[in-house]
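Whatever position you read off the sequence shown (first residue = 1), add 592 for the working numbering.
All residues carry an ideal CB built from backbone N, CA and C; glycine is no exception.
Quick caveat: nothing in here was measured; it's all calculated off a predicted structure.
Heads up: the structure comes next, in C-alpha cells.
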Amino acid sequence: MSSSPLFYQAGPAMPEVSHGRGVFLWDTDGKEYLDGCSGAISCNLGHHHEGIRDAMLAQLDRVAFTYRTQFENGPAMALAEALVDMTNHDLEKVFFVSSGSEAVESAIKLARQYFVARGESQRRHFVSLRPSYHGSTLGALGITGYQPLEAPFADITQGSIKVPGPDFYRHTEADDDAHIRKVLQETRERIEAVGGDRIIAVVLEPVGGASTGARMVNKAYLEGIRQLCDEIGCLLIYDEVLSGVGRTGTWFAYQQWGVAPDLLTTAKGLGAGYYPVGALLCRSELVDTVMASGGFQHGHTYAGNPLACATGLAAVEAIRNENLLDNVAARGEQLRDGLQALKARFDCIGDVRGTGVLWGVELVMDPDSKSPFPADANLFAKVTALAKEEGLLIYPRRTLDGVAGDHFLVSPPLNITEQEVGILLERLSRAMERLEAEVVAPLMA
Ligand code: PMP
C-alpha cells in the first residue's frame, strides 16, 4: 500500500517518471518506454518539445494569467483565429476552456441557451451514442454512454437518449450501407418517440476514443445524421476532444467526410500535454443569438489565459511548421499495415480500425464468432501490463455494454518517426506473443 496521500483510481502500482524526450519516457529506475498512446492521447508532440517550451517560457516572461473580462490577450485572439482557420471557417466562434469535459459542458450549455433564447425551451434532451465518452463532469457524464462510469450517478444526472452508432466490425447486416440505414432508422425512431421538437442536439465522436477503441463513422452516416438534425431543427455537436488537432491526419476528423457540425469540442492535443487548454467552436449564429439574449451564462477561471493560449498556439504552429499532417498520414499507413500484420499473426486480435495516428485494436476469444473474452480475464489490463514490461505504453479499456470487449488504443505522438513506429510495432509484437502464451493459451486450455 502506497503511503502517498495521492489517490486516483484503483490499479496496479506504477513506476515513477523521471523524464521524457520525443516519443520516449524514462522512469526513475532508468527503464525506457515508448509513449505509444501520447499519455492520454494528449502529448501530441511528444515530450520536451523545444518550440513549445520556448513559447511557454517567452509567455511566462511577459504574463502568465490575465482574466478574460479584464484584458484581451494576443495569444487567445491568435489561437481563436487559428482554430477557425483549421475548420476552414465552417465554425467561426471560439470559447476557451481548460479540459475536454469543460468543452463538452460548454457545448451543452450554449446549445441549451440558444434554444431558450429562441423561445424553444421545451427542447431539453440530448441524443448521444452508446458506447461513447464525453467527460467526467456531471453534464458531460449525462451524455456519456459508458455503463461503469454512468452507474453511480445515473440518479443525479440528466441522462441523454442513447442510440447505437455505426459498428462496422460487429454488425450483422448484409453490408455497411444496410447497417448505416438501420442505425439511422433506429436513431430516427428513438427521436420521434420523444418528439423532434424536444431535442437540443445530437452529440457524437466522429472517431471514438477509449470507450469504443477508435470506432469510426462514415460519410453516409454523418450525412444521414446531419439531415435528421436539420429536419427536426436540432443542433449537431461533434466531440473532437480526442480526435481533433491533427490526430487523424486532418485538423479535425470530420473533415475527412466533409459534413460540418454546428458545434465542436476539442482539448487534449490542443495543449499537447504542456498546459490544459480546450475549446468550444461554433457557428456565429448560435453565439449571436445567445449574446443578444444577455450573454453566455457560463465560464471557468483559467479559460483562455495567455499562457494556455500561447501553449496551444505553439502546438498548432509546430504541427504546421513540421508538416505533421503529412507525417500523420504516412505513419498512419505504416501503423495500419503493422497492426494488420499482427492481426494476421494473432487470432485474438479481432479488429484493427482507425485513421491517422489513432488506432484501436479489439481482442476477441474467437475471431469467427467475435465473442469477447470473459470480463474477469481482464485482457485489456494484462495486455497493457505486458506492453509496459516490454517498454511500450498503450491505452486500454473494456467496454461493458454488450457491444464490444477488450481493446486498446495505439495513438503515438504526431511527430513519431518511421523508425520509432518500427520500434513500437516490435514491442507490441513481443507483448502480443507473451499475451498469447501466458494468458490466452491457458484460458483456452
Ligand atoms: N470527450 C472525449 C471524446 C474524450 O476522449 C475525453 C477524454 N478522454 C473527454 C471528452 C473529456 O476530456 P477531459 O478528460 O480533458 O475532461
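Which residues DSSP lists as bridging residue i, in chain order
i	result
P756	R722
V794	V719 and L828
D880	None, per the DSSP bridge assignment.
F616	R613 and L626
Y987	L1001
D958	S963
V799	M808
H639	G614
Near the ligand PMP: residue i beta-carbon under 6 Å from a heavy atom
i	result
Y725	yes
V833	yes
A859	yes
S961	no
S693	yes
G801	yes
E778	no
E797	yes
Residue i vs residue j beta-carbon contact at 7 Å
i	j	result
A806	R945	yes
V794	V719	yes
R660	G896	yes
V833	T857	yes
L637	P966	no
M1024	L934	yes
V686	A672	yes
G863	G838	no
L985	Y738	no
A906	A647	yes
A670	V696	no
A873	L675	Here residue 873 is Leu; the residue named in the question, Ala, does not match the sequence. Their beta carbons are under 7 Å apart, which means L873 touches L675 by this criterion.
D939	L971	no
C629	L1001	yes
R1019	E982	yes
I1041	G788	Since the first residue of the chain shown is 593 and the last is 1037, residue 1041 is not available in this structure.
P667	A902	yes
V1013	R923	yes
R722	K754	yes
Nearest-angstrom Cα separation, counted from residue j out to residue i
i	j	result
L796	R716	17 Å
G952	T658	40 Å
G942	R762	10 Å
T736	G727	7 Å
M593	T749	At M593 the pLDDT is 47, less than 50, meaning the model places this residue with poor confidence; the figure from the coordinates comes in the next sentence. If I take the Cα positions, the gap works out to 34 Å.
W618	L899	27 Å
F760	I772	9 Å
Y866	L598	21 Å
L814	W849	8 Å
I1015	L649	32 Å
T947	I829	21 Å
T893	Q1011	42 Å
A632	D747	29 Å
E1030	D822	52 Å
G887	G692	22 Å
S713	A703	11 Å
S835	Q777	26 Å
F609	T620	Contrary to the premise, residue 609 reads as Val rather than Phe in this sequence. If you take the alpha carbons of V609 and T620, they lie about 6 Å apart.
T779	E877	26 Å
I1008	E664	36 Å
G841	I792	30 Å
A743	D958	29 Å
Y600	P740	16 Å
A766	Q651	57 Å
Beta strand (DSSP E) segment containing residue i, residue limits
i	result
I941	I941 to T947
L955	L950 to L955
F687	K685 to V689
L855	L855 to T858
Residue range of the unbroken alpha helix (DSSP H) whose run includes residue i
i	result
K765	According to the sequence displayed, residue 765 carries Glu and not Lys. Per DSSP, E765 belongs to no alpha helix (DSSP H) and is neither H nor E.
G1014	E1010 to L1027
A871	Segment G870 to C874 is the beta strand (DSSP E) holding A871; no alpha helix (DSSP H) there.
K701	G692 to A709
T903	P898 to N913
T976	L971 to E981
A921	L916 to R937
M669	G666 to M678
E742	Q739 to E742
P1034	A1033 to M1036
L733	L730 to G734
Residue i Cβ short of 6 Å to the ligand NAP heavy atom set
i	result
I911	Because the ligand NAP does not appear in the structure shown, any question about it cannot be addressed here, the ligands present being the ligand PMP.
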